[in-house]
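S.K.:
Protein chains in written order, with the numbering used here: chain Y, 1 to 412; chain S, 413 to 701.
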């Protein structure tokens, strides 16, 4: 019954927003605009809105990106994208009801969201039920795809992609003549740390890299000497940290206090990307590596132009998460344009047929191509290294802006 | 060697636990009153150290500044809040400090933002090497100073006239009043001492640890465990328990694995209380029903 009413509504919407009229294409965007993650959510929304602005207005300098250049979606008679945003407060139930509202009342043609993995999990289920395409730009929990949903597409790399990247990088180092006999994995012991560590262990196994130790710990710990002493004992050639802010800072300080620096440290985003990380311990953690699928790139490049536009719009720098959401909007707009229609089924078909090349993207993915679960199979990340006061892209080599330093210097 | 390293680190941390926990137990011993805002006092001590570092004063000022500021706050809290709710039912006493904790924590969020802070590198940031055992100067100073201050608190209570007056009020408020002791002043002093001990502990820890306004929760939990393990109201008990918790945390973390650290600590805690519900040095609950 409800489905019947809805499809009538969808047909009605499709009729009234026919391409001949070049009416706006409404895209619903749900992010946490209040609550704990409000800063990240607002920044992501700004990035998505900037993507819409770039698509809606002439931008010949960015015509490498799909459906960007002429201003408006060319195959829909120059229709503009209208972003309709909603705040889910980081609450899965709210994410569900806001998605429902955007779909049934605002009659959006497609959805983007939702930052927190658990919110994306519930919000995408609503879109699936109503048959509206939902593009997830940033949430990495494995369970968002893999529910045999037909309307959910995820552009961002997930934990297993990151883990695979770390191992490919380490094998590259081995080939370059550095000693990489064993690694250690240090992870905080909640959902995030445990699941990423699991992926790292799995990928290490399949890439033939020996794991000397896995050290889970509580992120609220006031003292991590025991963990550092264990590392000192095992002497791994690289330590991968899956940590939040206070603990990652504490680890760097404790390592210095206990006179220990492994040849290399890779931090899995989070704490290592916190704005306080570099100011707090930048001087004692020189050479620490981290991941980011976003890099400003060389002056004059597409990414450098976008970075400038973002700074002008918001007053702050583009970050990895916001850039991944911006990428989601470009992918979705490209699909809508190719579909030449705002009809959900046609957008869905176009998304399924998506095949974007690295040079058509703003992120360091190998491309965008969805498998039958809706996951982007070409998702990947850059590795960046703390050199001086900034992280610089060092791997893979073709996108590097600086030379990798191995071993890391630490505080010396 | 690494075991010894872990033990030294644990004892030094334990000394800091002992210091702020002795403040918590003092209030309980004096007035049968649980202060849920104690962890927030530790947190505020950390931010006092941060403010001091902003005006470019050295680490030797951190502790004294935090002590003075928190002592003042402790007295204000007693005069403005505790004195009044003491007349109310038990539940409002408990909830009042709980509310105070939230007020202090979220005020800190408002003023200092939720960012993690670290104190800038100072003269205290080096590391000493004692024949292969590494101890950071900050950790060493914090540990030793905390041990001395906690001991000082014990001496103050048991060996001085002021201490006797404090204990007299704890023993029997009315009798103390008849002896010419002003119970309000003594209790305000106890709150001041208690908050000051938390403040100094916070300032000492701030040198080595990153902190944010929510850091108080962790310390409050540790303080409650230490105080109940040591025996409610017993300052020497809190000191011993502080060292035990610090040492067990460090050794269990190294020998068994960091993830089991809390299991061992709380397991031991439950086991001790099962055998001695009054805590290691507690005087038993019969005397204060």
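Backbone N, C-alpha and C fix where the C-beta goes; we use that ideal spot for every residue, glycine too.
The model shown is predicted, which means the values in this text are computed figures rather than measured ones.
(1) For residue 545/S, I'd like the list of residues in its chain whose CB is within less than 7 Å of its CB, leaving aside the five on either flank, ordered along the chain.
(2) Applying a beta-carbon distance threshold of less than 9 Å, which residues of chain Y neighbour residue 671/S?
(3) Give me the chain Y residues within the contact set of residue 656/S, using Cβ-Cβ distance strictly less than 8 Å, ordered along the chain.
(4) Since residue 416/Y meets chain S, which of its residues come closer than 7 Å, beta carbon to beta carbon?
(5) With 16 other CB atoms within 10 Å as the buried threshold, where does residue 19/Y fall?
(6) Evaluate the contact criterion for the region 442 to 457 of chain S versus the region 510 to 526 of chain S: three or more CB pairs, one atom per stretch, below 8 Å.
(7) Specify the secondary structure class of residue 408/Y as computed by DSSP and reduced to three states.
(8) When the Cβ atoms of the region 248 to 263 of chain Y are set against those of the region 432 to 449 of chain S, are three or more pairs found closer than 8 Å?
(9) Quick one: is residue 642/S buried, meaning 16 or more other Cβ sit within 10 Å of its Cβ, or exposed?
(10) For residue 289/Y, which residues in the same chain have their Cβ closer than 6 Å to its Cβ, ignoring the five residues on either side in sequence?
(11) What residues from chain Y crowd round residue 666/S, counting only those whose CB sits closer than 7 Å?
(12) By how many angstroms is the C-alpha of residue 674/S removed from the C-alpha of residue 568/S?
(13) Among 223/Y, 210/Y, 165/Y, 221/Y, whose alpha-carbon lies nearest the alpha-carbon of residue 196/Y?
(14) So, is the C-beta of residue 253/Y closer than 8 Å to a C-beta in chain S?
(15) Hey, quick one: how far does the alpha helix (DSSP H) through residue 284/Y stretch, first residue to last?
(16) Return the first residue and the last residue of the beta strand (DSSP E) that residue 188/Y is part of.
(17) Straight-line CA distance for residue 529/S to residue 276/Y?
(18) For a test of the three-state rule: what should DSSP assign to residue 539/S, helix, strand or coil?
(19) Do residue 524/S and residue 459/S have their C-beta atoms within less than 8 Å of each other?
(20) Please identify the residue among 509/S, 426/S, 532/S whose C-alpha is closest to the C-alpha of residue 554/S.
(21) Using the C-alpha atoms, what's the distance from residue 493/S back to residue 510/S?
(22) Residue range of the beta strand (DSSP E) that residue 170/Y falls in?
(23) Any beta carbon of chain Y sitting closer than 8 Å to that of residue 583/S?
(24) Report the rounded CA-to-CA distance for residue 285/Y versus residue 198/Y, giving the unit in angstroms.
(25) Run through chain Y and tell me which residues come within less than 7 Å of residue 596/S, C-beta to C-beta.
(26) Am I right that residue 526/S and residue 625/S are in contact with their C-beta atoms under 8 Å? What's the rounded C-beta distance?
(27) What are the boundary residues of the beta strand (DSSP E) that includes residue 290/Y?
(28) Report all residues from its chain with a CB closer than 8 Å to the CB of residue 217/Y; omit the five preceding and five following residues, and keep chain order.
(29) Between which two residues does the beta strand (DSSP E) holding residue 212/Y run?
(30) Taking DSSP as the reference, what is the three-state secondary structure of residue 498/S?
(31) Can you look up residue 101/Y in the DSSP assignment and give me helix, strand or coil?
(32) Who are the Cβ neighbours of residue 118/Y in its own chain at under 8 Å, not counting the five residues just before and after it?
(33) Going by alpha carbons, who is nearest to residue 595/S out of 609/S, 611/S, 575/S?
(34) Quick check: does the Cβ of residue 104/Y come within less than 7 Å of any heavy atom belonging to the ligand COA?
(35) Within 8 Å, do at least three Cβ pairs link the region 576 to 585 of chain S to the region 477 to 487 of chain S?
(36) In the DSSP assignment, what residue or residues form a beta bridge with residue 111/Y?
M.R.: Taking the geometry as given:
(1) 416, 417, 420
(2) 189, 215, 216, 217, 218
(3) Going along chain Y, no residue has its Cβ under 8 Å from residue 656/S, so there is no contact; the nearest lies around 15 Å.
(4) Outside the shown range of chain Y (1 to 412) lies residue 416/Y, about which nothing can therefore be said.
(5) With a pLDDT of 42 at residue 19/Y, under the threshold of 50, the modelled position of this residue cannot be trusted; read the value that follows with caution. Buried, because 16 or more other Cβ atoms sit within 10 Å of the Cβ of residue 19/Y.
(6) yes
(7) coil
(8) no
(9) buried
(10) 266, 383, 385
(11) 226, 229, 230
(12) 33 Å
(13) 165/Y
(14) yes
(15) From DSSP, residue 284/Y is part of no alpha helix (DSSP H); its letter is neither H nor E.
(16) 182 to 188
(17) 7 Å
(18) strand
(19) yes
(20) 426/S
(21) 12 Å
(22) Unbroken run through residue 170/Y is the alpha helix (DSSP H), 159 to 175; no beta strand (DSSP E).
(23) no
(24) 26 Å
(25) Within chain Y, no residue comes near residue 596/S; the closest Cβ sits about 36 Å away, beyond 7 Å.
(26) 7 Å
(27) 289 to 292
(28) 186, 187, 188, 189, 224, 227, 247
(29) 210 to 217
(30) coil
(31) helix
(32) 92, 141
(33) 575/S
(34) This structure lacks the ligand COA, and indeed carries no ligand of any kind.
(35) no
(36) 28/Y, 134/Y
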